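J.:
There are 2 protein chains.
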Amino acid sequence: MVVKIGTAVVTREDGCGLALGRLASIVEQVSQLHNRGKEVLMVTSGAVAFGKVRLSRAVRLSMSMRETLSYREASAQVNTKKSSFGTSAAVGQSGLMALYDAMFSQFGVDIAQVLVTKPDFYHPESRHWLRQTLLELLSLNILPIINTNDAVSSPTTIFEGPSDGSLIQAITDNDSLAAHLAVEIDADLFIAMTNVDGLYTLPPGQEGSKLLHSFSPGLEDQVVFGEKSSVGLGGMKSKISAASWAFERGVSAVICNALREGAILRIINGMKVGTFFTNHETTIEPLETLALNAKEGSGILESLTGSQRGAILRVLADLLVKKSAAILAANCEDIKEAAAAKLDASLLSRLSLTDAKLEGLACGIRSIALRCEKEDVLRQVKRRTLIADGLELQQITVPIGVLLVIFESRPDCLPQVASLAIATGNGLLLKGGKEAHRSNRALYGLVQEALATHNAERAVSLVSSREDVDEILSMRKHIDLIIPRGSSELVRTIQEKAQGIPVLGHSEGICHVYVDKEADLEMAYKIVRDAKCDYPAACNAMETLLLHKDLMKTEFFNKMCSILKNEGVVVNAGPRLHEQLTFGPPEARSLKMEYSRLECAIEVVDDVHQAVSHVNAYGSGHTDVIVTENGETAETFLRSVRSACVFHNASSRFADGYRFGLGAEVGISTARIHASGPVGLEGLLITKWQIRGRGDAVADFNNGERKYLHETLPANPAEDEHSK
Amino acid sequence: MVVKIGTAVVTREDGCGLALGRLASIVEQVSQLHNRGKEVLMVTSGAVAFGKVRLSRAVRLSMSMRETLSYREASAQVNTKKSSFGTSAAVGQSGLMALYDAMFSQFGVDIAQVLVTKPDFYHPESRHWLRQTLLELLSLNILPIINTNDAVSSPTTIFEGPSDGSLIQAITDNDSLAAHLAVEIDADLFIAMTNVDGLYTLPPGQEGSKLLHSFSPGLEDQVVFGEKSSVGLGGMKSKISAASWAFERGVSAVICNALREGAILRIINGMKVGTFFTNHETTIEPLETLALNAKEGSGILESLTGSQRGAILRVLADLLVKKSAAILAANCEDIKEAAAAKLDASLLSRLSLTDAKLEGLACGIRSIALRCEKEDVLRQVKRRTLIADGLELQQITVPIGVLLVIFESRPDCLPQVASLAIATGNGLLLKGGKEAHRSNRALYGLVQEALATHNAERAVSLVSSREDVDEILSMRKHIDLIIPRGSSELVRTIQEKAQGIPVLGHSEGICHVYVDKEADLEMAYKIVRDAKCDYPAACNAMETLLLHKDLMKTEFFNKMCSILKNEGVVVNAGPRLHEQLTFGPPEARSLKMEYSRLECAIEVVDDVHQAVSHVNAYGSGHTDVIVTENGETAETFLRSVRSACVFHNASSRFADGYRFGLGAEVGISTARIHASGPVGLEGLLITKWQIRGRGDAVADFNNGERKYLHETLPANPAEDEHSK
């Protein structure tokens, strides 16, 4: 495989020094490709800019030191103008190559310098010679770095046309040079790097401008070079024509941003970076369209009544049961493939759908529908205040906007999350895991069918599993909230990448059960067993068991351990427990451990206060439990543990939207703002303030003409009379 | 000024290639210092690592090409072991210098290579010679790069001791070499770079480990070299001893992380980066202590009753009035200094406190106190559900945790925000602007006095105005919510830097007033004047006036414009209005403009739907107003505009916590989650779920033994009987 990389903007004239870090990154990426066995060729500019810096130094050195220090700036300015293009190039070339040589040396990559002029391409003999040289260098595992020989030939010199008909385009710059070389050596890929992300429909940054992820040569006039766009595409035209020219001769071409971290490697890894040249119809960024649709669709949902949204949900619930055969068939295909790929057993179990699961889903969705029909969750008045006579303030519930839910494995998430979004009038982008793509597609079809009954199909979109999460997250302005559902890694990755978009969820579920000295021991056995063993992979399963120190003097510890052992639970000892026992369980590696399987840690604490401190220090703010018969001790724990869910004498496994009676959940949040614990309908709503006045101005209050009343009114206007 | 920089870790043996980008960043920073006229000297290692890469290439080149390609990995592995230290250094030295030369060339910086061995320091003559060489290079504006001459002298070779008593420490590595050079040339600063942020109390990353921002030599045993910490400080010991040694000889010393962006320049600019060596008592990171105190203090506040928290607020309100003279005196000093520094007039007006303002503050705080006394906002039951017989779920309000409020200029923010935090049991870190530091200090004193009545002083801390915001934001795990109050730039900067900590606020207030064709025109004049002119610098002031197209046929437009003109408002025309008028106002540069002064844009729209589209496209989701007598049109606007506040026939200036009757506000949020609009008490609370059970396990429900009831109970348990 031959990869051709043109780095025409790496060392720009206006800030050649500032691009050093970026150049280092490109060198690193190219070296990685080279060292993986890819054949890479690099076309670079920058010699002229480099030369200008050198020239200004040379002038400085010819001045006395005192002059240098005071006239430094002045001389630098003068010199950039004075020195000729060719001189600058000649002076800069050696410095640039030294820089490349030194940088590539760091990665053990050998480079060779090749300077070319246009006639080298026009004469068949020199072309052949050049081609042989390049191929030989590549076969010798040496990376050729190519530049135009500006010292001997002006960029605007006109030579006689090419004698070979295949080379119809003139070489006018490094972009066309790179394109020619790519074709000449039959490269597989031509990457043209610039300082914008790719081709846009309008100048980048302008309202409504969209990045084209693919571009079909020949459509320049229609899509890109509209009157408005020409401004933003300065310098881009030559890249487009070079990339088009190479593409038409069988070389894949991409225009991408050199300033984006790891752009080259991401392109090679098949991710959506920059603008790809294709023969397919040019389409505006499909992802962005989905997001805009979701926003529009949410408006449609919002305009419906609660009963109408409930009706959509009832259709969906019925479809889940009616079309269960088709869903299960699709699911079966997914499971087969996953099994063949030897996916983890717990992943397989979460991937699998059954008739019972679908029935359960339908049941949950119907309860959400009922809720909508009884009382619309939207436009609910949360607060009413009479600011002054005739000036009324209302705080009402409204949807958040567009939600992005990223989930792994469990396809049953899809209808659940979609139902909650539909009920609350939110737009929804769903990104499911590749392993469940057939199941997701089938379930999504039903959601669409249900939405179609009220022309709201656009509100929910299933994002193709091939889409890069980074790409989705780059649409910051279109997404209001991200809810990742899956492994801790997934959640943490999303949290790191979201940069500005709020993320609701929890990365870990390190749940504790504390058994107090005054606990009903039989109850403790039952709760611990349920909390650990009912579904050990769940985030609300117990990971650490805390025991009051007095219990260590009783038979409780041994019995508890043997119960856990019978269930197959591997036990690890906290440092204090480990110290107390001569022959006990091995010491836990960490007390901040989410085992997610039949394994847990046990630690000893002095009392409820130490238990609280332990939970607040090592827990993840998810769900924690106290088992005790002492009401006061229980209240201390319930009050002082800073977790989203805190339970007394009940299993941590109850921390779940369905079990809480919320109908379903989009996830469990351990965030310290917005929603905590299982997030149902309420978590997908925010409020908006409305004032209905009669021409009221603040100035009237400032000057004392009017007075603020701030009278709290009943939320339901019908009750106004009673309140007076 | 002489700056000495030791970059001992830049090119580490384990990943010399990967550090290239970081090296480029260091070169760039050092070049900037150099080009600003600072005298910089750089001590670097890496030649050995560099040489190993070169040697393995040399071996590869001596093999046939085929062998090279297949045996590449194997040969690389063999060679790193085979080649001797001295050989690697000799081979690497030239490559390393070529790399530095090439990189520094990019910034027009000339470098010189100086290789030294220990004896160079031990013999007075050679020491003198070396010193002269270095000083001469610096005076010639050449940057010396120094390395140990490992090719001629083994690092472990023992020479006879120094003949000069001042040099008591042996040179054992690049750190001690750099320290010696720093002392030798009377440097002002010695920066030792490593790959951790500085000195920690325990191994970095370990639970409870804290970065020391300052360190006093001689306290090594006490603070840093505890038994537990030795593991994490491998390699750090030599840096500490080198830095201590230089510091004791009058050179300022810092140990910092080479991996942190811009570390060198930030140190030079006086920011808190790494560990500074001082003679003051070593203290654990004061900022982190404040954050931990805030968390602890919030616990104390949370444990108080509503009446007790109300009592604290009443004390504060009384103090504001009683001690007004002292506050105003401090404020007067701030204003004098600001006036002398020629600060902006609008900034000065916001900086200034008056007796009336203090009275108003006290009044607002008393209303918050009243609210707390009437009904505690904490532990309010928002929802009660009977999950099953004997299993009750409650959702109750709890504080968010630790808030960081960053505010500029307006010192009246401080008591307002503190009151809201105290009322809601939240810990608070306040970072005020430098321009108001005396006023803030005085007001903070009163907050402390009030908190002291209930031993809760720790809950609120005023962060010194010298603290770097970056430094504060690095304490991610201790801060639950950031509320920036100030210019759009401040808010945007914080939003960008927060990375993971939620930010509540609004960066812009682009508020619209839409005057419908069915508007009461007198009312329109009044509302527009109030919205634009009452306080043009406020975020809830009108920026764009939208007019229904039919109004353009009437006298309304001219009269509206003359009213605005009389108030001194500069008018800009939107594109459509501009097209309609032959002699009209100049065209607005953008319709997304927050003028924040007596200036606005006017645009024409077809109807309420186009007005809604305009507001949703160009607005900032803050506050938007419709003026119309048609109720249906008004409801369309109220419903469809996606802003936090939407008003009918009332000025946008009502969007304010006090005017809404919330008592005060911590800010106005345009976020699409948590709280929107003015954020009062409710916005500083989240909820927690509590279950009180009798030994309930999920398994009992799974196996059908028990059934979920999910019966909604009245929030007030006293009403349970009535509901049945």
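If you read the sequences in order, they're chains A and B. The numbers in numbering that gives the first Met the number 0 rise by one with no breaks, and the one at position 477 of the first sequence is 476. The numbers in numbering that gives the first Met the number 0 rise by one with no breaks, and the one at position 378 of the second sequence is 377. All C-beta atoms, glycine included, are put in the ideal place defined by N, C-alpha and C. All figures in this text were calculated on a predicted structure; none of them were measured in a lab.
For Met96 of chain A and Asp109 of chain A, I'd like the C-alpha separation in whole angstroms.
T.: Those two C-alpha atoms are separated by around 12 angstroms.
J.: With a cut-off of 8 angstroms, does the C-beta of Arg652 of chain B fall near any C-beta of chain A?
T.: Yes, contact with chain A.
J.: Do the CB positions of Ala714 of chain B and Arg365 of chain B come within less than 8 angstroms of each other?
T.: No.
J.: For Lys591 of chain A, collect the residues of the same chain with a Cβ closer than 7 angstroms to its Cβ; drop the 5 residues on either side in sequence, then sort them by chain order.
T.: So the qualifying residues of the chain are Ile509, Tyr617.
J.: Where Leu303 of chain A and Leu550 of chain A are concerned, what is the direct C-alpha to C-alpha distance, given to the nearest angstrom?
T.: Using only the alpha carbons, I get a separation of about 59 angstroms.
J.: For Ser651 of chain B, count the other beta carbons within 10 Å of its own beta carbon; 16 or more makes it buried, fewer makes it exposed. Which is it?
T.: Its Cβ being crowded by 16 or more others within 10 Å, Ser651 of chain B is buried.
J.: Please compile the residues from chain B whose C-beta is within a distance smaller than 8 angstroms of the C-beta of Gly20 of chain A.
T.: Here the neighbours are Gly20, Ala23, Ser24, Glu27.
J.: So, helix, strand or coil for Ser215 of chain B, using DSSP?
T.: Coil.
J.: Just checking my contact of Leu319 of chain A with Leu445 of chain A at CB under 8 angstroms: how many whole Å lie between their CB atoms?
T.: The Cβ separation is near 6 angstroms, so the contact holds.
J.: Any heavy atom of the ligand FAD within a distance shorter than 7 angstroms of the CB on Leu445 of chain B?
T.: Among the components of this structure there are no ligands whatsoever, and the ligand FAD is therefore not found.
J.: Between the beta-carbon of His33 of chain A and the beta-carbon of Leu142 of chain A, is there less than 8 angstroms?
T.: Yes, they are a contact pair.
J.: Taking only beta-carbon positions, decide if Cys371 of chain B is within less than 8 angstroms of chain A.
T.: Output row for Cys371 of chain B: interface = no.
J.: Are the beta-carbon atoms belonging to Asn425 of chain A and Leu683 of chain A less than 8 angstroms from one another?
T.: Their beta carbons are under 8 angstroms apart, which means Asn425 of chain A touches Leu683 of chain A by this criterion.
J.: For Arg248 of chain A, collect the residues of the same chain with a Cβ closer than 7 angstroms to its Cβ; drop the 5 residues on either side in sequence, then sort them by chain order.
T.: For Arg248 of chain A, where only same-chain residues beyond five positions count, the Cβ hits under 7 angstroms are Val182.
J.: Hey, does Tyr594 of chain A have any beta-carbon neighbour from chain B nearer than 8 angstroms?
T.: False, the Cβ-Cβ gap to chain B never drops below 8 angstroms.
J.: Along the chain, where does the alpha helix (DSSP H) that runs through Phe653 of chain B open and close?
T.: Unbroken run through Phe653 of chain B: none, as it is neither H nor E.
J.: Is the beta carbon of Leu597 of chain B less than 8 angstroms from the beta carbon of Glu631 of chain B?
T.: Against a cut-off of 8 angstroms, the Cβ pair of Glu631 of chain B and Leu597 of chain B comes out as no contact.
J.: Should Ser297 of chain A be labelled buried (16 or more other beta-carbon atoms within 10 Å of its own) or exposed?
T.: That one is buried.
J.: Would the stretch 128-146 of chain B and the stretch 123-142 of chain A be scored as touching if the rule is three or more Cβ pairs under 8 angstroms?
T.: The stretch 128-146 of chain B, when compared against the stretch 123-142 of chain A, does not touch it at the 8 angstroms Cβ threshold.
J.: Between Ile364 of chain B and chain A, is the shortest Cβ-Cβ distance under 8 angstroms, so that the two count as touching?
T.: So, not an interface residue.
J.: Check His179 of chain A in the structure and name its three-state DSSP category.
T.: Reduced to three states, the DSSP call for His179 of chain A is helix.
J.: Spatial neighbours of Thr454 of chain A within its chain, please: CB distance less than 8 angstroms, with the 5 preceding and 5 following residues excluded, ordered by chain position.
T.: At residue 454 of chain A the sequence reads Asn, which differs from the Thr that was named. Counting only Cβ-Cβ distances below 8 angstroms, and skipping sequence neighbours, we find Ile299.
J.: 8 angstroms is my cut-off, CB to CB: does Asp375 of chain A come that close to chain B?
T.: Not closer than 8 angstroms to any Cβ of chain B, the Cβ of Asp375 of chain A fails to qualify, so no.
J.: So is Ala328 of chain A buried or exposed if we call it buried at 16+ other beta carbons inside 10 Å?
T.: That one is exposed.
J.: List the residues of chain C that Cys644 of chain A touches, going by C-beta distances under 7 angstroms, in chain order.
T.: Chain labels in this structure do not include chain C; the protein chains are A and B.
J.: Using only the alpha-carbon positions, how far apart do Leu98 of chain B and Met102 of chain A sit?
T.: Spanning the two alpha carbons is a distance of roughly 6 angstroms.
J.: Quick check: what's the CA-CA separation for Glu72 of chain A versus Leu428 of chain A?
T.: Any reading at Glu72 of chain A must be qualified, since the residue scores a pLDDT of 46, below 50, and its modelled position is unreliable; the value itself is stated next. So the two alpha carbons sit approximately 54 angstroms from each other.
J.: Check Met270 of chain B in the structure and name its three-state DSSP category.
T.: Looking at Met270 of chain B - three-state DSSP - the assignment turns out to be coil, as it is neither helix nor strand.
J.: With a CB to CB cut of under 8 angstroms and the five nearest residues on each side skipped, what residues in its chain are close to Glu260 of chain A?
T.: Result list for Glu260 of chain A: Ser24, in chain order.
J.: Determine the DSSP secondary structure at Ser460 of chain B, reduced to helix, strand or coil.
T.: It is a strand residue.
J.: Check whether the Cβ of Lys433 of chain A lies closer than 8 angstroms to any Cβ atom in chain B.
T.: Output row for Lys433 of chain A: interface = no.
J.: Along the chain, where does the alpha helix (DSSP H) containing Lys531 of chain B start, and where does it finish?
T.: Per DSSP, Lys531 of chain B belongs to the alpha helix (DSSP H) from 520-532.
J.: Could you list which residues in chain A have their beta carbon closer than 7 angstroms to that of Leu392 of chain B, in chain order?
T.: By Cβ distance, chain A contributes Phe659.
J.: Span of the beta strand (DSSP E) holding Gln394 of chain A?
T.: 390-398 is the extent of the beta strand (DSSP E) around Gln394 of chain A.
J.: In chain order, what residues of the same chain lie with their CB nearer than 6 angstroms to the CB of Glu704 of chain A, ignoring the 5 residues before and after it?
T.: Cβ neighbours of Glu704 of chain A beyond the five flanking positions: none.
J.: Along the stretch 485-502 of chain A, what residues have a CB closer than 7 angstroms to any CB found in chain B?
T.: Residues passing the 7 angstroms Cβ filter: Gln494, Gln498, Gly499, Pro501.
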